[in-house]
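What follows is a short report on a single structure.
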Amino acid sequence: MLTGAEMHALVERMYPFCRSITGDGVRETLAVVGEHIPLRLHEVPTGTAVLDWTVPQEWNIRDAYVADAAGRRVIDFRESNLHVVGYSVPVDETMSLAELRGHLHTLPETPSWVPYRTSYYSPAWGFCLAQDVLDALPDGDYRVKIDSTLADGSLTYGEHTVPGQVGNEVIVSCHICHPSLANDNLAGIAVAVSLAQALAAEKPFHTYRFLFMPGTIGAITWLARNGERVDRVKHGVVLACAGDRGSLTYKRSRRGDADIDHVMAHVLKDKPHEIRDFSPYGYDERQFCSPGFNLGVGSLTRTPYAGYPEYHTSADNPGFVSPESMEDTLDTLRTAFSVLDRNRRFVNLSPYGEPQLGKRGLYDSLGGRSDAKDAQLAMLWVLSYSDGATSLLDIAERAGLPFDAVDGAARALQAAGLLKE
Amino acid sequence: MLTGAEMHALVERMYPFCRSITGDGVRETLAVVGEHIPLRLHEVPTGTAVLDWTVPQEWNIRDAYVADAAGRRVIDFRESNLHVVGYSVPVDETMSLAELRGHLHTLPETPSWVPYRTSYYSPAWGFCLAQDVLDALPDGDYRVKIDSTLADGSLTYGEHTVPGQVGNEVIVSCHICHPSLANDNLAGIAVAVSLAQALAAEKPFHTYRFLFMPGTIGAITWLARNGERVDRVKHGVVLACAGDRGSLTYKRSRRGDADIDHVMAHVLKDKPHEIRDFSPYGYDERQFCSPGFNLGVGSLTRTPYAGYPEYHTSADNPGFVSPESMEDTLDTLRTAFSVLDRNRRFVNLSPYGEPQLGKRGLYDSLGGRSDAKDAQLAMLWVLSYSDGATSLLDIAERAGLPFDAVDGAARALQAAGLLKE
Amino acid sequence: MLTGAEMHALVERMYPFCRSITGDGVRETLAVVGEHIPLRLHEVPTGTAVLDWTVPQEWNIRDAYVADAAGRRVIDFRESNLHVVGYSVPVDETMSLAELRGHLHTLPETPSWVPYRTSYYSPAWGFCLAQDVLDALPDGDYRVKIDSTLADGSLTYGEHTVPGQVGNEVIVSCHICHPSLANDNLAGIAVAVSLAQALAAEKPFHTYRFLFMPGTIGAITWLARNGERVDRVKHGVVLACAGDRGSLTYKRSRRGDADIDHVMAHVLKDKPHEIRDFSPYGYDERQFCSPGFNLGVGSLTRTPYAGYPEYHTSADNPGFVSPESMEDTLDTLRTAFSVLDRNRRFVNLSPYGEPQLGKRGLYDSLGGRSDAKDAQLAMLWVLSYSDGATSLLDIAERAGLPFDAVDGAARALQAAGLLKE
């Protein structure tokens with residue numbers, strides 16, 4: 001399991017790669033991930049029909065710049081891959097600044113930051129730059145060069161599985177299509193890697209499937225190719241923006257009362273956090289929760305999607321994410337999955353009157369005391385509410401008892417033959 | 001469409017007619033309404049069985065007074081029709097003041113006002129007068145004369161229909177049985193007339209049926225004679241007290257969550273208003289919402305039923321209602337019916353993953369920006385929640401988006417073949 | 001019906017008996033109860049299987065003490081039966097104080113009080129005493145004598161029935177297994193006795209069954225032996241801690257919305273009180289509400305189970321309970337059962353439009369007044385909501401009308417043929 005410092009180093013290492021929804025930047029990223037956890041890589045050819053979509057051509061880029069009349073690069077892809085609009089078609093022209101302006105994107109309100117822009121599904125080209133830099137450009141002619149290719153190829157994604165005691169799956173999904181943006185989503189990738197390592201050491205109950213995929217088209221491709229597996233996905237979390245210094249935000253699944261929604265609310269309740277209802281906008285929960293699938297998948301972030309000024313700008317750099325925040329995200333997910341794995345539903349096999357716990361060694365023999373212990377109370381609550389539909393977490397919350405006490409009570413009762421799952 | 005001033009003039013014109021649940025005052029009123037909108041008139045004979053009731057004899061009155069020994073009229077029907085208890089049987093007697101008192105009705109707490117009283121279903125006679133006038137009457141004998149007739153005849157009501165694109169109906173019902181009372185319900189009648197004119201100009205989605213009927217027995221008669229039509233009544237509003245200077249009050253249907261209840265709450269939420277739960281007391285919502293029918297019919301008033309001191313007194317005169325209030329009631333209903341007509345339920349035809357909106361020209365091609373527009377968000381919300389049961393208004397409220405944006409999104413998606421109704 | 005003073009005298013009279021879950025103390029107690037109300041006594045032999053339990057051996061005790069070397073009794077059962085742990089096996093030994101300590105129970109925080117302890121299902125012996133007394137005992141040898149017997153015998157409980165107009169039953173259950181503890185539960189027994197007398201004088205609607213049984217094993221025995229009767233138990237109250245000076249606490253049935261839960265909340269709402277959700281810990285509601293039975297049985301106490309320092313100590317003596325508190329508990333239950341007996345469900349036989357109440361003499365003939373009376377409003381509410389599922393209490397609470405008015409309206413409507421049960 002990676003420490004906070006190691007997760008941060010991983011973010012820094014992957015930061016320079018020029019990721020997009022396809023192309024070699026994605027492959028480089030997955031190769032680094034694959035150094036830490038075994039990855040099964042998928043290459044899906046351009047043109048493949050996936051649900052309502054089609055896998056697009058593959059985009060690769062070698063160089064790009066705008067140079068002044070003296071040949072000096074005033075905008076240079078080699079400095080930051082954010083400078084080129086993602087999926088820009090090749091261009092090699094000389095044009096006036098006036099003509100060029102229609103292809104330039106800036107952020108006038110934060111004039112020293114470079115925005116992140118893409119044009120995946122509409123052929124176009126453009127550059128992103130600081131407003132300050134644009135303001136300083138003199139009129140005149142500029143050489144505009146984008147050495148990119150858009151060609152048949154494939155869409156790449158990676159899967160890692162932590163086998164569990166049962167085949168029912170929990171998915172953890174990270175988008176890997178953003179170039180030099182640290183919180184969105186290199187921090188999410190780093191936390192997912194460390195989480196996968198931690199789970200592997202624990203032989204979890206559920207099978208955990210980690211998905212490293214380009215946003216939207218990646219999730220749609222995975223869903224299109226995994227029709228049968230989807231039925232086994234019982235829970236999931238889309239993980240993004242996992243490293244900024246804000247507190248955690250959980251966005252509920254579209255169902256709103258899925259087990260993962262209860263579990264996340266439970267584990268977050270003792271720390272600063274926010275819980276939001278589902279909205280059909282954000283990360284790949286959009287796809288997993290689309291009404292035809294409607295999976296029990298929520299989204300965990302720190303400061304949420306589009307909720308911070310640095311979002312989708314050059315200010316979302318490795319300094320924007322902290323080792324401590326990534327560790328906190330990781331710890332929260334580990335706790336959540338520990339509860340999720342134990343949050344089972346039982347049936348009381350002795351529902352008429354209370355079973356005699358004492359003769360089974362489950363109850364204090366000395367009566368009359370008023371300080372019944374949590375463990376004994378928990379057994380009574382589990383017996384009273386285990387109807388096959390009410391989960392242990394439901395019972396813990398109704399009883400006002402720690403989940404661990406309720407889980408322990410259920411194990412003891414099951415061992416005594418009083419409960420079945 | 002009548003302006004506020006025109007509606008007020010209509011109230012003033014109808015004010016002197018001596019309306020009751022039957023008789024020529026009702027016919028005069030419907031004749032005036034018929035000058036503005038075409039009315040289909042119904043005459044239902046005395047003795048006709050209608051649900052648990054029977055159409056009563058028709059009441060007409062020509063004159064009535066109480067005169068002192070000198071022949072001076074101390075209570076005079078010619079001054080105000082409120083002076084005679086509605087449905088008073090004929091009388092022509094001389095009696096002492098002491099004997100007469102048992103037939104006199106006053107309002108001791110507002111001693112200058114004349115109350116409104118009726119005795120429809122129990123043969124009786126009486127006069128209503130100001131307490132001040134009563135107090136000034138000297139002892140002695142008085143001539144008591146009511147020149148009325150109770151005889152077989154008919155109950156009269158009128159219907160006006162604004163045809164829609166579908167046969168499903170919205171009813172707007174006004175009682176027309178109150179004599180010289182302006183807010184209750186001449187203002188309601190005037191607003192209904194103007195509303196019918198406005199709707200006719202718009203070719204609405206639903207068919208709108210305006211009912212001008214005497215209270216209780218009129219609604220019961222209509223329901224008894226329209227057994228099949230009732231199944232087509234999907235929504236409705238009972239309109240009364242539409243002109244006083246108080247803010248609007250909407251009383252929910254007995255269902256409590258009918259579409260009209262949602263719509264009215266939605267259109268009222270940005271102005272001072274009150275929403276009340278259903279109660280089986282008030283106007284003809286009592287009949288439309290009786291449990292056997294249980295229609296989605298609410299009641300819109302300004303200050304509600306029996307909620308102002310002038311209620312059912314001579315102080316509810318044309319000065320008590322204002323053109324501005326009637327215009328506000330009218331505008332609110334026009335807005336409400338505009339939402340109601342568009343508040344449809346759709347089914348997402350591409351529910352697995354998000355459909356690719358971009359290839360259909362429904363989505364910005366430039367990605368990365370964080371300021372997605374309402375129109376695009378609205379499409380995602382409509383796609384996510386259109387399951388055939390959730391209405392566009394439900395979606396708008398869940399999304400926190402304007403209804404118009406959600407309605408527009410649904411139209412665009414339907415045009416693109418992504419939704420069906 | 002016993003007065004408060006008479007109930008208190010009954011508590012004092014039963015206080016010295018050495019009750020336990022079996023034995024002659026129980027029989028003495030039931031004999032005293034039987035002086036006031038006829039009791040059917042049951043003796044269930046040792047070894048009888050009852051649900052998951054087995055009726056234990058019968059325990060009787062004649063004497064017990066710890067005596068010092070001089071033969072002086074330093075702990076003496078004859079002073080208080082609390083001094084011996086319930087179900088102590090016989091012992092006759094001499095041992096050092098050090099050895100004896102393992103069998104002694106005290107309350108260090110309230111050093112002058114003697115605790116109440118039992119060991120029903122695990123063979124053991126022990127003494128309970130004040131911490132002050134223990135602290136004063138000199139080292140040395142002590143004679144330890146418990147003259148008890150544990151032998152095959154029977155478990156004893158008593159039933160009293162107040163026949164009603166219908167066979168459906170309301171149970172009132174009191175535990176009778178606690179020795180010298182006044183509030184827990186002699187006050188409950190005394191209130192139950194008086195309540196049974198009061199009900200008998202009234203020919204109630206439901207049949208009321210009073211159960212005087214040892215805690216847990218008694219309720220389990222009754223449930224095991226009354227499989228068919230359980231289906232007739234529609235409502236019930238477990239009555240305990242009925243006499244302390246605190247305000248009333250009602251604990252809901254496990255169902256949470258049983259009729260008895262609504263009724264108790266209704267009758268308590270105008271006095272200081274607390275309502276608690278069900279928990280599977282407390283008195284015999286644990287058994288009646290076990291999920292296999294899940295009866296509509298709540299629990300009424302004043303200060304609840306284990307909620308006062310005197311609970312299960314020698315300080316729960318007759319001075320701890322007051323005549324006024326027992327009268328208040330009694331009055332509350334009488335009111336509750338009066339509502340429960342009348343809280344019926346009707347069906348409106350004339351659901352299409354309002355029935356014409358006037359022709360049936362149920363409605364004022366003079367119209368126009370705005371001060372409609374509760375009785376008339378109540379009839380409209382009953383007609384509107386009587387669908388066979390909604391109770392009169394539901395209607396009263398929805399209408400904001402007194403239950404008595406709604407009940408009276410239902411009777412009048414039923415008499416007029418407009419409602420059926």
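Chains as they are written, first to last, in the UniProt record's numbering: chain A, 1 to 421; chain B, 1 to 421; chain C, 1 to 421. Note that CB positions come from ideal geometry on N, CA and C, so glycine has one too.
Query                                                                                                                                                                                                  : Result
Could you tell me whether the segment 280 to 292 of chain B touches the segment 332 to 342 of chain B, where touching means 3 or more Cβ pairs closer than 8 Å?                                        : no
At a Cβ threshold of 8 Å, is residue 113 of chain A touching chain B?                                                                                                                                  : no
Helix, strand or coil for residue 399 of chain A, going by three-state DSSP, please let me know.                                                                                                       : helix
Over the uninterrupted alpha helix (DSSP H) stretch that includes residue 63 of chain B, give me the two end residues.                                                                                 : Note, residue 63 of chain B: premise wrong, no alpha helix (DSSP H); beta strand (DSSP E) at 58 to 67.
Would you call the CB atoms of residue 242 of chain B and residue 153 of chain B closer than 8 Å?                                                                                                      : no
At the level of alpha carbons, what is the spacing between residue 322 of chain A and residue 105 of chain C?                                                                                          : 57 Å
Identify the continuous alpha helix (DSSP H) that holds residue 42 of chain C and give its terminal residues.                                                                                          : Run containing residue 42 of chain C: none in the alpha helix (DSSP H); it sits in the beta strand (DSSP E), 40 to 45.
Could you work out which residues of chain A lie near residue 380 of chain B, taking near to mean beta carbons separated by less than 9 Å?                                                             : 279, 280, 281, 286
Below 6 Å CB to CB, which residues in the same chain sit around residue 91 of chain A once its five sequence neighbours on both sides are set aside?                                                   : 125, 144, 146
To the nearest angstrom, report how far apart residue 238 of chain B and residue 40 of chain B are at their CA atoms.                                                                                  : 19 Å
Answer with buried or exposed for residue 267 of chain B, where buried requires no fewer than 16 other C-beta atoms within 10 angstroms of its C-beta.                                                 : buried
Per DSSP, what are the beta-bridge partners of residue 209 of chain B in this structure?                                                                                                               : B/161, B/171
Count the C-beta pairs between the segment 55 to 65 of chain C and the segment 400 to 420 of chain B that are closer than 8 Å, then say yes if the count reaches three, no if not.                     : no
Return the residue from the list B/200, B/167, B/184, B/27 that minimises the CA-CA distance to residue 425 of chain B.                                                                                : Beyond the ends of chain B as shown, which are 1 and 421, falls residue 425 of chain B; an answer cannot be given.
Kindly list the residues whose CB is nearer than 8 Å to the CB of residue 191 of chain A, restricted to its own chain and excluding five residues on each side of it in sequence; keep chain order.    : 7, 239, 242, 243, 326, 329, 330, 333
Compute the Euclidean distance between the alpha carbons of residue 196 of chain C and residue 30 of chain C, then round it to the nearest angstrom.                                                   : 15 Å
In the DSSP assignment, the beta strand (DSSP E) including residue 439 of chain A goes from what residue to what residue?                                                                              : The question about residue 439 of chain A has no answer here: the residues shown for chain A are numbered 1 through 421.
Residues of the segment 199 to 231 of chain A with a CB closer than 8 Å to any CB of chain B: list them in chain order, please.                                                                        : 216, 219, 220, 223, 224
Spell out whether any CB of chain B is found under 8 Å from the CB atom of residue 290 of chain A.                                                                                                     : yes
Please state whether DSSP places residue 147 of chain A in a helix, a strand or coil.                                                                                                                  : strand
Secondary structure at residue 88 of chain C, three-state DSSP: helix, strand or coil?                                                                                                                 : strand
Which whole-angstrom value is the C-beta distance of residue 11 of chain A and residue 214 of chain A, which I expect to be below 8 Å?                                                                 : So it is not a contact: roughly 18 Å between Cβ atoms.
Relative to chain A, which residues along the segment 41 to 75 of chain C have a C-beta separation below 9 Å, given in chain order?                                                                    : 50, 51, 52, 53, 54
Shortest alpha-carbon distance to residue 142 of chain A belongs to which of A/65, A/114, A/24, A/123?                                                                                                 : A/65
Smallest Cα separation from residue 5 of chain A: which of A/37, A/169, A/324?                                                                                                                         : A/324
Considering only C-alpha positions, which residue in the set A/81, A/199, A/296 is nearest to residue 115 of chain A?                                                                                  : A/81
Quick one: which chain C residues come within Cβ less than 7 Å of residue 353 of chain A?                                                                                                              : 51, 52, 220, 223, 287, 290
Using 8 Å as the threshold, is the segment 208 to 227 of chain A in touch with the segment 166 to 176 of chain A, meaning 3 or more CB pairs across them?                                              : yes
I want to see whether chain C comes within less than 8 Å of residue 358 of chain A, judged by CB atoms only; does it?                                                                                  : yes
Please work out which residues of its chain come closer than 8 Å, Cβ to Cβ, to residue 89 of chain B, disregarding the five sequence neighbours upstream and downstream, and give them in chain order. : 123, 124, 125, 146, 148, 150
For residue 419 of chain C, tell me which candidate among C/375, C/347, C/3, C/236 has the shortest Cα-Cα distance.                                                                                    : C/347
Can you have a look at residue 234 of chain B and say buried or exposed, based on whether 16 or more other CB atoms are within 10 angstroms of its CB?                                                 : buried
At 8 Å on the CB atoms, spell out the chain C contacts of residue 254 of chain B, in chain order.                                                                                                      : 384
Flag residue 77 of chain B as yes if its beta-carbon sits less than 8 Å from any beta-carbon of chain C, otherwise no.                                                                                 : no
For chain B, is any of its Cβ atoms less than 8 Å away from the one on residue 387 of chain C?                                                                                                         : yes
Residue 254 of chain B lies in the beta strand (DSSP E); which residues open and close that run?                                                                                                       : No beta strand (DSSP E) holds residue 254 of chain B; DSSP gives it neither H nor E.
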